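I have placed the structure first, in the form of structure tokens, so that the comments after it can refer back to it.
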Amino acid sequence: MTTPARLLCRVLCGLALVTGIVAPAAGNDRQVLVLGRITDDPAAHYEQLKPLLDYVVPRMADVGIREGRILMARDPQQMMSYLRRGRVDWVTETSASAMLLQQRAGAAPLLLTERTGVSRYRTVFFTRRDSGIESLDMLRGRSVAFQNRASTSAYFVPAMELLERDLPMEILLSPTDRPPVDSVGYLFARSEANISTWVHKRLVDVGAMSNLDWNDPGAMPPSYRRDLRIVHETPDYPRALEMVRGDLDPAIRERLREVLLQAAGDPDAAEALLGFFRTTRFLPLGEAADRELDYLRRAVTRVSAEIE
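Under the working numbering, the residue at position 200 of the sequence shown is numbered 878, and the numbers go up by one with no gaps.
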């Protein structure tokens, strides 16, 4: 049971981590491996990151690593700064955020991350069965709910799908606001559960989320889904990625890659992997992943340029 003193320590530790106090510019120290994460809950994420870091560090002694540290960032911009300055060596992120880090901070993809047995997912667009909407081309003058600006499956990918159909997009002030007749209105619902609720209650015409969330009763209650239907599905793309800073020592990068690839077969890593956002294994990239990531790079670039 967590004592009040221990709880206070975790909170203070999390606050220090997010401001970079606990992990100073250690990325420039070849003996220290710094794992980074973009988060608004540093204390909770510290508990998820630390066991895997503790597993990895002793297995990298042959390339000079003696210590592991964690450095949190409050937003992508702060993490980009850490990467450019060499303060973070390794970052775990969702795929669109990972591509932002590559484009703007020179981070390099290392491995795919499989979580709960799934390494790839896709975006589904859904509407009410009685909406009359049969395809994305029918969304002019209609509204769509995304999750938030950091979401791969519920923002970057669905926004790209609309832009590729030459559908102008306008942000709405609220669910009751309506877009011009020649545009698609969009707004952020903040959670998958809100997206499904807004569509079901006719506050918006269409919602976008991952196929995993579509099949998750917590995000899509079965009582809602009976009244809804999917009108469009995208191709699959990576769920999450492990990234490293672009100028990381090649020997350290390759050894980290080897350790992570082998972790799924090591019983000593089982608990640490489970805590690491329910990771089941790490996978090599390959040609298919390269093509999928190229699409995500284009999505990040176009959505950032034309919408934000």
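Don't be surprised by glycine CBs; every beta carbon is placed ideally from N, CA and C. Owing to the predicted nature of the structure, the values given are computational and were not obtained by experimental measurement.
Taking C-alpha positions only, GLU986 is separated from PRO858 by approximately 18 angstroms. Here DSSP, grouped into helix, strand and coil, assigns GLU920 to strand. Under the 8 angstroms Cβ criterion, the region 791-798 does not count as touching the region 826-846, having fewer than three qualifying pairs. Under the 10 Å beta carbon count, GLU970 is surrounded by 16 or more other beta carbons and is classified as buried. Under a 10 Å Cβ-count criterion, PRO945 is classified as exposed, with fewer than 16 other Cβ atoms of the shown protein chains found around its own Cβ. Judged by their CB atoms, GLU771 and THR958 are not nearer to each other than the 7 angstroms cut-off.
Ranked by Cα distance from VAL822, the first of PRO787, ILE743, ALA739 and VAL909 is VAL909.
With respect to the 7 angstroms criterion, PRO729 and ALA942 are not classified as neighbours on the basis of their beta carbons. Per DSSP, the unbroken beta strand (DSSP E) holding VAL769 starts and ends at 768-772. CA-to-CA, the gap between ARG807 and ARG976 works out to about 32 angstroms. Distance from the CA atom of PHE824 to the CA atom of LEU865, rounded to whole angstroms, is 6 angstroms. Within the DSSP bridge table, the entry for THR912 names no partner.
Only residues of its own chain outside the window of five on either side were considered, and among them GLY746 and ALA950 have a CB closer than 8 angstroms to the CB of ASP732, listed in chain order.
Of the residues assessed, ILE849 falls on the exposed side of the cut-off, its CB having fewer than 16 other CB atoms within 10 angstroms. The C-alpha of LEU713 is placed about 15 angstroms away from the C-alpha of ARG737. The C-beta distance from ARG907 to PHE804 rounds to 6 angstroms, short enough to fall under 8 angstroms.
A contact between stretches requires three or more CB pairs, one per stretch, nearer than 8 angstroms, and the region 780-789 meets this requirement with the region 912-932.
THR854 counts as exposed, since fewer than 16 other C-beta atoms from the protein chains shown sit within 10 angstroms of its C-beta.
The DSSP-derived three-state label of ILE716 is strand. Relative to VAL981, the option among LEU711, LEU845 and LEU814 whose CA is nearest is LEU845.
In this chain, the beta strand (DSSP E) harbouring GLU792 covers 786-793. In terms of CA proximity to ALA828, ILE716 leads the group ILE716, VAL884, THR801 and LEU926.
Contact between VAL741 and ARG933 holds, with the beta-carbon distance rounding to 5 angstroms and staying under 8 angstroms. The criterion of a C-beta distance shorter than 7 angstroms is satisfied by ARG843 and LEU814. Within the same chain, Cβ atoms closer than 8 angstroms to the Cβ of TRP876 are found at ALA823, PRO853, ALA867, VAL882 and GLY885, the five residues on either side in sequence being excluded.
For ILE873, the enclosing alpha helix (DSSP H) starts and ends at 870-878. Between LEU939 and PHE960 the beta-carbon gap is near 6 angstroms, inside 8 angstroms, which marks them as a contact.
Considering only ASN826, SER869, LEU840 and PRO754, the residue with the shortest C-alpha distance to MET816 is LEU840.
In the three-state scheme derived from DSSP, where H, G and I count as helix and E and B as strand, ILE985 is classed as coil. Each residue's CA atom was taken as its position, placing ALA751 and GLY810 some 44 angstroms apart.
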